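Peer 1:
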Amino acid sequence: MPPPRREPTSLERRLVLAAPALLLATRTGAAERDGVEQAAAAWLAAFNDLDLPRFLTFFAADASLFMPGPGQAGGRRVDPAQLPATWTAEFAKLRARSAKSSPPYLTIAPRDLRVDRVADGAALLTFHLGEGAWPGRRSVLWRRDAQGWRIAHLHASRLADPAGERR
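Take the sequence shown: its letter number 100 is residue 100 in the UniProt record's numbering, and every next letter is one higher.
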């Protein structure tokens, strides 16, 4: 004769009910991470190609950025209305310095890439660029909207040269 059937405890019932929600949350988090990483890879490809129209599509309409410049220890803030003109000038300089005559003009290769989901529909990507004692640092806040993942804020900076010189 089989043993008598025992009723599940309150905790066991709650765990059974919560399992699908936990599984969905885990899958959603992984899907968000994959989605923002794909968007970041496409954005970097547009940057390497110096494809300005494609590059700008990755910025939200209200995006801002801090970018370093020669002699600007703290960098400068670029507001949304200034983004196209700022990147047009920057891309022209980069294309002029490139030894290549066709895309990709650059080889931007992030190191130490980290993706942190900071809220539903928001992720922070951080990484380093370059080699040596004072690499570039990037923090990119991505926000998901109706069109997909867009950059809400980009912070670009360089570590200071230990000798006090600026690159």
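We put the beta carbon where it would ideally sit given N, CA and C, even for glycine. Computed from a predicted structure; not experimentally measured.
Just how far apart, CA to CA, sit residue 176 and Arg111?
Peer 2: The chain is shown from 1 up to 167; residue 176 falls before or after that span and cannot be answered.
Peer 1: Check whether the Cβ atoms of Trp43 and Phe66 sit closer than 8 Å, and answer yes or no.
Peer 2: No. Outside cutoff.
Peer 1: Between the beta-carbon of Leu94 and the beta-carbon of Leu106, is there less than 8 Å?
Peer 2: yes
Peer 1: Considering only residues of the same chain and omitting the five flanking positions on each side of Trp149, which have a CB-CB separation below 7 Å?
Peer 2: Gly35, Val36, Ala39, Trp142
Peer 1: With DSSP as the reference, label Leu44 as helix, strand or coil.
Peer 2: Helix, per DSSP.
Peer 1: Return the CA-CA distance between Gly132 and Ala109, expressed in angstroms with no decimal places.
Peer 2: 14 Å
Peer 1: Does the Cβ of Ile151 have 16 or more other Cβ atoms within 10 Å, making it buried, or fewer, making it exposed?
Peer 2: Its Cβ being crowded by 16 or more others within 10 Å, Ile151 is buried.
Peer 1: Arg54 and Ala61 - do their beta-carbons sit closer together than 8 Å?
Peer 2: no
Peer 1: For a test of the three-state rule: what should DSSP assign to Gly121, helix, strand or coil?
Peer 2: coil
Peer 1: With distances taken Cα to Cα, identify the nearest neighbour of Arg138 among Glu90, Ala85, Arg144, Arg158.
Peer 2: Arg158
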